[in-house]
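This report concerns only the one structure given below.
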Amino acid sequence: MTIERLRHLNTETDPLPGRAALLLPDIALSECLFGAIVRDTRGASLTDRERTNYFPASPLVTVTWVIEGETRMADEGCDATHARQAKALPPVTLAGPRTGPFVSWNPGPVFAISIGFYPDAWVRLTGTEPESIVDRTVADVPSAITGLLHPDGSMTAAHMWDGFQSALLPHWSEARGEGAQSRYRSRLSDWSRALVVRSLMSGPGRTVRAVQRRLKRWSGQSRRALDFFSRIERMHELAVRQDETNPADLALEAGYSDQSHMGRMVRKATGFSPVQLNELVKRDEAFWCYRLLGERF
Numbered sequence: 001m002t003i004e005r006l007r008h009l010n011t012e013t014d015p016l017p018g019r020a021a022l023l024l025p026d027i028a029l030s031e032c033l034f035g036a037i038v039r040d041t042r043g044a045s046l047t048d049r050e051r052t053n054y055f056p057a058s059p060l061v062t063v064t065w066v067i068e069g070e071t072r073m074a075d076e077g078c079d080a081t082h083a084r085q086a087k088a089l090p091p092v093t094l095a096g097p098r099t100g101p102f103v104s105w106n107p108g109p110v111f112a113i114s115i116g117f118y119p120d121a122w123v124r125l126t127g128t129e130p131e132s133i134v135d136r137t138v139a140d141v142p143s144a145i146t147g148l149l150h151p152d153g154s155m156t157a158a159h160m161w162d163g164f165q166s167a168l169l170p171h172w173s174e175a176r177g178e179g180a181q182s183r184y185r186s187r188l189s190d191w192s193r194a195l196v197v198r199s200l201m202s203g204p205g206r207t208v209r210a211v212q213r214r215l216k217r218w219s220g221q222s223r224r225a226l227d228f229f230s231r232i233e234r235m236h237e238l239a240v241r242q243d244e245t246n247p248a249d250l251a252l253e254a255g256y257s258d259q260s261h262m263g264r265m266v267r268k269a270t271g272f273s274p275v276q277l278n279e280l281v282k283r284d285e286a287f288w289c290y291r292l293l294g295e296r297f
């Protein structure tokens, strides 16, 4: 399934919009892959500002292929100036879970695909624990993963995605073990709940410390951090579906103690207050990823 979003600004005066798409996994891989995010600005009329890309905090392990063009990334935080001054990233990179927001910039047209893996699935596939790459982007990507996608600028992202999934499926089936049944997941909260249950039921020890160690090993995150991501996702869904909801009611329904608590967590995840973020998502091309993720709901 593909969720595609064109540029949200004036398409009459800007006839060549930057394109973005969220490609969702097949059911058989939905416990392994969150999905793929595609950015294609080839032929688009974009300013330097509009070639900036803002992203929220994320618990996922992500492999990115820059098929055409160049991407630069700030070392940390949402400083677009630092991103512009940074060195170009390698064509293929591995990024660990992000505890805060981050920003990248493309000096020209770009065609890139980023594939998000659930961290525990990454451990099963590669044997690498995500804690070692939290808040890091590295060029050392396992060849067992990079060899599954064949980047080609003349092909559609959807075609490459289908090929990647077909190549990954036998590896994932082997990593999961025989007899395991696929359960469709479309939310980070589905994944985090399942991971907590697995950490309670697996391995020696049922103490809080033992469970936390397993969670950390499989996700690179604490239980508190997993709850943080689940609540942010829930708040995002409610905000999209209930546009006119009172912020105080939204906060309570999303699991926060009050509106102020929600505001602090939104800033932690995005770098902006809820009011600032809403305005930027509505009007700023650089926040295309936020709009795209909202289309899931």
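1 is the number of the first residue of the sequence shown in our numbering; add one for each residue after it.
We treat Cβ as the ideally placed atom computed from N, Cα and C, and that holds for glycine.
Quick check: what's the CA-CA separation for residue i versus residue j?
i	j	result
P109	L293	22 Å
R326	A21	With the chain running from 1 to 297 in the structure shown, residue 326 is simply not present.
G153	D40	10 Å
T146	V63	8 Å
E295	V240	8 Å
H82	W288	20 Å
I134	P97	Here residue 134 turns out to be Val, not Ile, going by the sequence shown. The straight-line gap from Cα to Cα measures roughly 5 Å.
D249	P274	14 Å
R5	V208	Confidence at R5 is low in this model, with a pLDDT of 47, below 50, so its placement is unreliable and no value can be given for it.
V211	A225	14 Å
N10	P170	Residue placement at N10 cannot be trusted, given a pLDDT of 39 that sits under 50; what the coordinates show is reported in the next sentence. Cα to Cα, N10 sits roughly 45 Å from P170.
Please state whether DSSP places residue i in a helix, a strand or coil.
i	result
T13	Unreliable positioning characterises T13 in this predicted model, as indicated by a pLDDT of 39, which lies under 50. A coordinate reading is not provided.
E68	strand
A254	coil
H8	No answer about H8 holds up, because its pLDDT of 40 lies below 50 and its placement is not dependable.
S202	coil
L24	coil
A86	coil
A74	coil
So the candidates are the options; which of them puts its Cα closest to the Cα of residue i?
i	options	result
K268	Q221, A57 and T81	A57
L148	Q165, H159, V138 and S132	Q165
Y290	H261, I232 and A251	I232
A286	A44, L89, H171 and W105	W105
I'd like the span of the alpha helix (DSSP H) that includes residue i, first residue to last.
i	result
T146	S143 to T146
L280	P274 to R283
S219	V208 to S219
Following the continuous beta strand (DSSP E) through residue i, name the residue where it begins and the one where it ends.
i	result
I37	L33 to D40
N53	T52 to F55
T304	In this structure the chain extends from 1 to 297, so residue 304 is not present and cannot be described.
Next item on the list: Within the stretch 132 to 172, note down every full alpha helix (DSSP H) run reaching 4 residues or more, in order along the chain.
Entry: Assignment of alpha helix (DSSP H) within the stretch 132 to 172, counting only whole runs of 4 or more residues, yields 143 to 146 in chain order.
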